[in-house]
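Yeah, the sequence shown ends on 357 if you go by the working numbering, and it's all consecutive. Here a beta-carbon is modelled for each residue, glycine too, at the ideal position from N, C-alpha and C. Take a look at the structure below.
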Amino acid sequence: MRKIIQYCFLVIAVSIQAQDFKPYKIQSGKIVYNKLRYSTRSVFKYENGVETSFSERIPYIVEQVIYYWDEFGDVAFEETYQVSKFGGKPLPKKIKIAERLWLDEHRYYFNIKENKVNDDPYRLRIKCKENFQYYQIKNSWIETQYMGAEKSGTKNILGKVTNYYKIDKFQDLYAWKGLILKNEDFATTKKGERLYPERTKIAVEIDTSFKIKEKLFNPIWLKREKLYKSLNGNKITELLDARQDLLFQADNIKGFHIQKNDILLFVTTKLNVGKLQILAIDKNNILHIKYQLYNNNGIVFDTRNAFKIKDSTLVNMDNITYKNVLETEHDFKYKNSKIIPQNNIGIYLIKASRTKHLKLKPYARN
């Protein structure tokens, strides 16, 4: 019995340790990177009656990246700003173009212009959780992710002695305590010979005493995405049937004004149910949405992550691309930032989608 108990404790201890990822040796902090591109300039010289010419590559900063991490790298967040146009002409003001979040087994990427979230599996972390000390054996997540890569030198960056890794013929990495301080991509010949750097990402500031705010790792776009994904066919039907307090119904004659990030529920003329999110309303008043449609059995039969609807368009969500639709099959009309129900169908705004917490209120019992 005693051996069984000891074995159980051992299994629990191993499973807890196996869940550790912690790729860095510094608990938390912030790094500012410059992302460099290169322009080519032709140079001509005339000396002692001899003319010579050559080209030189001039680096310029195209983007600035601010990277935050905590729990020794178990969680991380990144903001990317565009600072110049192609060729290096500086913008009057830097523009945020993306955010990225590493959390659990997810790598979320938020494209700000398109208002879209992508989620890729965090494969290295998944492997580390499934296999006890998967990368700790080599003491480097870099040598695990890039099999065969070995430290082959050092370089001083921002006063830190970094380990140099030649990943392959295209890429070099410089890491300090597991943190990448320089990443360089190279152009090569067809034979694999390196020519010159094409892109460089290099740290220009590092702060390991930076106080991390927890809300960094719970951005509003992720909360919105989780709310949208939580709405399957059964959940939509439940809300429509029993939780009208969470919804605002569009007037069947006047409709209602919509705005970016609204999440709507709807019932079609064929009594299918669906959800859609307003991604944008552009300067030409074109409506950009994503949507998902479910049949009476709660099964998805149509989904799109991007669809455009022109102003003054009648829409049939049951067959959104088909143009020869009977008048009785129209679900709504989009006109001048308004959605107007057709054929007496129901269209509803989820009230929580216009809040910052983006949570559906629990049912209040008497």
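Item: Given 8 Å, three or more beta-carbon pairs between the region 203 to 216 and the region 299 to 316; Value: no
Item: Residues near D273 by beta carbon distance below 8 Å, same chain, minus five either side; Value: H279
Item: Distance, K226 Cα to A233 Cα; Value: 10 Å
Item: Three-state class that DSSP yields for R345 in the structure shown; Value: helix
Item: Residue from N327, Y99 and I57 with nearest C-alpha to D110; Value: Y99
Item: Which of helix, strand or coil DSSP assigns to L351; Value: coil
Item: Stretch-stretch touch, CB-based, cutoff 8 Å, three pairs: the region 201 to 213 with the region 317 to 326; Value: no
Item: Secondary structure of Q55, DSSP reduced to three states; Value: strand
Item: Backbone CA spacing between L149 and P81 [nearest angstrom]; Value: 25 Å
Item: Status (buried if at least 16 other CB within 10 Å, exposed otherwise) for Y339; Value: buried
Item: C-alpha gap between L267 and T312, whole angstroms; Value: 16 Å
Item: Euclidean distance between Cα positions of Y137 and P14; Value: 14 Å
Item: CA nearest to the CA of N102, picked from Y72, F123 and I244; Value: Y72
Item: Inter-stretch contact at 8 Å, needing at least 3 Cβ pairs: the region 294 to 302 / the region 115 to 124; Value: no
Item: Through-space distance from K326 to I117, alpha-carbon basis; Value: 46 Å
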